[in-house]
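Working notes, structure below.
In my numbering, the protein residues as written are 24 to 112.
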């Protein structure tokens, strides 16, 4: 499952890689994280992510759920060479 999460993170990175400033392609999210006590001394991180422009939000307990939400909300990537979304390696 970690390989799958890693693949999703890498795909997301291609979409949001740094590039020339372009306000119409910019997306703003807020992410809130807090520790949740589970009992017996166990603590788990929980979170809430919200797309500021649309107001869409989702709670998450694992990073892949955060990445999945970002991929749902973000517009499709433009993979043309030289585009804002081109991966920088």
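C-beta atoms are modelled at their ideal positions from N, C-alpha and C, and glycine is treated no differently.
- At a Cβ-Cβ threshold of 9 Å, residue 72 and residue 93 count as neighbours.
- When secondary structure is reduced to three states using DSSP, residue 72 falls in the strand class.
- Excluding five sequence positions before and after residue 82, the CB atoms of its chain that fall closer than 8 Å to its own CB belong to 69, 70 and 71, given in chain order.
- Residue 54 sits away from residue 79, with the two beta carbons spaced by 9 Å or more.
- In the DSSP assignment, residue 93 falls within the unbroken alpha helix (DSSP H) covering 86–96.
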